[in-house]
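> If you read the sequence shown in my numbering, its first letter stands for residue 135, the second for the next number, and so on.
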Amino acid sequence: MSSQPTEASAPLIPMPSLTPDALRAAVAEIVPSRLPELNEHLARAATSAQRTSSVGPLRAFTAHWGTVVNIERWPQRAARFHSCEELAADPLADPEDARAAASEIGHILRTAGEEIGV
135 MSSQPTEASA PLIPMPSLTP DALRAAVAEI VPSRLPELNE HLARAATSAQ RTSSVGPLRA
195 FTAHWGTVVN IERWPQRAAR FHSCEELAAD PLADPEDARA AASEIGHILR TAGEEIGV
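(1) Taking 7 Å as the cut-off, is the C-beta of Ile250 nearer than that to any heavy atom in the ligand GDP?
(2) Could you tell me how far apart the beta carbons of Val252 and Thr201 are, in whole angstroms, since I believe they sit closer than 8 Å?
(3) Less than 8 Å between the beta carbons of Pro145 and Trp208, yes or no?
(4) Keeping to the same chain, check which residues put their C-beta closer than 7 Å to that of Ala236; ignore five residues upstream and five downstream.
(5) Return helix, strand or coil for Trp208, following the three-state DSSP convention.
(6) Checking 8 Å against the spacing of the C-beta atoms, do Phe195 and Leu169 come in under that value?
(7) Can you grab the Cα-Cα spacing for the pair Ser182 / Asp155, in whole Å?
(8) Report the option in Pro191, Val189 and Thr245 whose CA atom is closest to the CA atom of Phe215.
(9) Taking Asp231 as part of the alpha helix (DSSP H), name the residues at either end of that continuous run.
(10) When we look at the beta-carbon of Ile205 and count the other beta-carbons within 10 Å, is it buried (16 or more) or exposed?
(11) So which of Ser188, Leu192 and Leu172 has the shortest CA-CA distance to Ala179?
(12) Use the C-beta contact count for Ala160: other C-beta atoms within 10 angstroms, 16 or more gives buried, fewer gives exposed.
Structure follows, in structure tokens:
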């Protein structure tokens, strides 16, 4: 991990190591509703890694869930991310507002990924 975001609130948990077990424990603590999704993704990644004899699918898994955890562990960042997701997906939203929200989602994802080195 390279740097911590500057936010008024402290993170809910420290950033875990980018291993399946550590990420599963973090998700179970801060966004338990997403645990089934993580477990499914891990099973698919492990199967794909075995089938292709490549660690690429497992690296993609840890990059994805590391980014998710790094967003969700910061309450203000997570709230803004989810607010932007809702606005970007709203078919009744002003198109300019929806584009701005989608752009901010991309910024949050890039920043969270860069902070953990992915």
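No residue lacks a Cβ here, since even glycine has one placed at the ideal position from N, Cα and C.
Once the coordinates are examined:
(1) With respect to the ligand GDP, the structure offers nothing, as it holds no ligand at all.
(2) Position 118 of the sequence shown holds residue 252. Position 67 of the sequence shown holds residue 201. Going by Cβ atoms, the distance from Val252 to Thr201 rounds to 7 Å, so yes, they are a contact pair.
(3) On the sequence shown, residue 145 is found 11 positions in, with the first residue counted as 1. On the sequence shown, residue 208 is found 74 positions in, with the first residue counted as 1. Against a cut-off of 8 Å, the Cβ pair of Trp208 and Pro145 comes out as a contact.
(4) For the purposes of this step, residue 236 is identified with residue 102 of the sequence shown, where counting begins at 1. For Ala236, where only same-chain residues beyond five positions count, the Cβ hits under 7 Å are Ala222.
(5) If you number the sequence shown from 1, residue 208 lands on position 74. Looking at Trp208 - three-state DSSP - the assignment turns out to be coil, as it is neither helix nor strand.
(6) One-based indexing of the sequence shown puts residue 195 at position 61. One-based indexing of the sequence shown puts residue 169 at position 35. No. Outside cutoff.
(7) To locate residue 182, count along the sequence shown from 1; it is residue 48. To locate residue 155, count along the sequence shown from 1; it is residue 21. Ser182 and Asp155: Cα-Cα distance of roughly 18 Å.
(8) Position 81 of the sequence shown holds residue 215. Comparing alpha carbon positions, the residue from Pro191, Val189 and Thr245 closest to Phe215 is Thr245.
(9) Residue mapping note: residue 231 aligns to position 97 of the sequence shown, counting from 1. Run containing Asp231: Pro229 to Glu249, per the alpha helix (DSSP H) assignment.
(10) If you number the sequence shown from 1, residue 205 lands on position 71. Per the 10 Å Cβ criterion, buried.
(11) What you label residue 179 is simply residue 45 of the sequence shown in a count that begins at 1. The residue with the shortest Cα to Cα distance from Ala179 is Leu192.
(12) Taking the first residue of the sequence shown as position 1, residue 160 is located at position 26. Flag for Ala160 reads buried.
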